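**Q** In the UniProt record's numbering, the protein residues as written are 1 to 218. In this text, a Cβ means the ideal position worked out from N, Cα and C, and glycines have one as well. For clarity, every value in this text was computed on a predicted model and none was experimentally measured. My questions all concern the structure below.
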């Protein structure tokens, strides 16, 4: 059994999955959560060796939670299914949890080129983080789109949001629980061709995510 499962929430990411899954280190288990896809995402994931879980309730948080429940390893990593993050960077993050250095290791996105992170998505991220620092003193520079922690501890936190506010609520609950959080730089690459972000792909998507963030802010 793998010591770490990678949970990949997906909705219509069939075009990204072959390359992404080929980059997951072989020592990791993979759980792809098909969140209402219409492009054969689940079939593509299964054909490339992933375990597929279907979650019909729409929302990023719903997909992540379904993946956590389906995972079986002690440690769980979460990253997006659009190809924008490199799973080959996960082993170094996992080691920091395994060693006891951290309870939660969070990725801080570092764009690998111009135009990777649209202005409206970056602006929303900055606003949320400013509010978190102001209200809670939480000194993070991103909302942990790529992260590693122990599965049982994550479930015990009791994160309730099932939409885009999930990672923000996770950070605030982890802080209140006294978790040791470490932030590391991770590559942020262009999305795979043929896929579109539900958040950064449009101003409307970014505004919808900002609304979900605001709902869970302390």
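1. Out of 117, 174 and 111, point me to the one whose CA is closest to residue 147's CA.
2. Quick one: any contact between the region 10-25 and the region 79-90, if contact means 3 or more CB pairs under 8 Å?
3. Could you tell me if residue 58 is buried or exposed, where buried requires 16 or more neighbouring beta carbons within 10 angstroms of its beta carbon?
4. Near residue 33, what residues of its chain come up, given a Cβ to Cβ distance below 6 Å and the 5 sequence neighbours on each side ignored?
5. Do residue 13 and residue 46 have their beta-carbon atoms positioned less than 9 Å apart in this structure?
6. With a CB to CB cut of under 6 Å and the five nearest residues on each side skipped, what residues in its chain are close to residue 117?
7. Let me confirm a value: residue 185 is counted as buried when at least 16 other C-beta atoms fall within 10 Å, else exposed. Which label applies?
8. Inspect the beta-carbon positions of residue 4 and residue 76 and report whether they are closer than 9 Å.
9. State the Cα-Cα distance for the pair residue 7 and residue 134, rounded to the nearest angstrom.
10. Looking only at C-alpha atoms, which of 26, 140 and 41 sits nearest to residue 109?
11. Spatial neighbours of residue 70 within its chain, please: CB distance less than 6 Å, with the 5 preceding and 5 following residues excluded, ordered by chain position.
12. In three-state DSSP terms, what is residue 163?
13. Residues in its own chain within less than 7 Å of residue 89 by CB, not counting five upstream and five downstream?
14. If you reduce the DSSP assignment to three classes, tell me which class residue 77 lands in.
15. Using C-beta distances below 6 Å, list every residue in its chain close to residue 28, excluding the 5 sequence neighbours before and after it, in chain order.
16. Quick one: give me the first and last residue of the alpha helix (DSSP H) that residue 229 is part of.
17. With a threshold of 16 other CB atoms inside 10 Å of the CB of residue 126, please say whether the residue is buried or exposed.
18. What residues in its chain sit with their C-beta under 6 Å from that of residue 87, if we drop five residues either side in the sequence?
19. Mapping the DSSP letters down to three states, classify residue 42 as helix, strand or coil.
20. Are residue 143 and residue 159 close, meaning C-beta to C-beta below 9 Å?
21. Could you name each continuous alpha helix (DSSP H) segment of 4 residues or more that falls completely within the region 109-140, going from the start of the chain to the end?
22. So, are the CB atoms of residue 150 and residue 61 less than 9 Å apart?
23. Sort out for me which residues DSSP pairs residue 147 with in a bridge.
**A** Looking at the atomic coordinates:
1. Considering only alpha carbons, the answer is 174.
2. The region 10-25 is in contact with the region 79-90.
3. Exposed is the call here.
4. So the qualifying residues of the chain are 9, 53, 55, 63, 66 and 67.
5. The Cβ-Cβ distance between residue 46 and residue 13 does not fall below 9 Å.
6. The answer, listed in chain order, is 111.
7. Exposed is the call here.
8. Taking 9 Å as the Cβ cut-off, residue 4 and residue 76 qualify as a contacting pair.
9. Those two C-alpha atoms are separated by around 31 Å.
10. Taking only the C-alpha atoms, the option nearest residue 109 is 140.
11. Cβ within range, chain order: 31 and 53.
12. Coil, per DSSP.
13. Excluding residues within five positions, the ones whose Cβ falls inside 7 Å are 186 and 187.
14. Strand at residue 77.
15. Cβ within range, chain order: 2, 4 and 6.
16. Only positions 1 to 218 of the chain appear in the structure, and residue 229 is not among them; the question remains open.
17. Burial check for residue 126: the Cβ neighbour count within 10 Å stays below 16, so the residue is exposed.
18. Closer than 6 Å at Cβ, skipping near neighbours: 23 and 24.
19. Reduced to three states, the DSSP call for residue 42 is helix.
20. No; because the gap between Cβ atoms is not below 9 Å, this pair is not in contact.
21. For the region 109-140, the full-length alpha helix (DSSP H) segments reaching 4 residues or more read 119-136 along the chain.
22. No, they are not a contact pair.
23. Residue 147 is bridged to 78 and 106.
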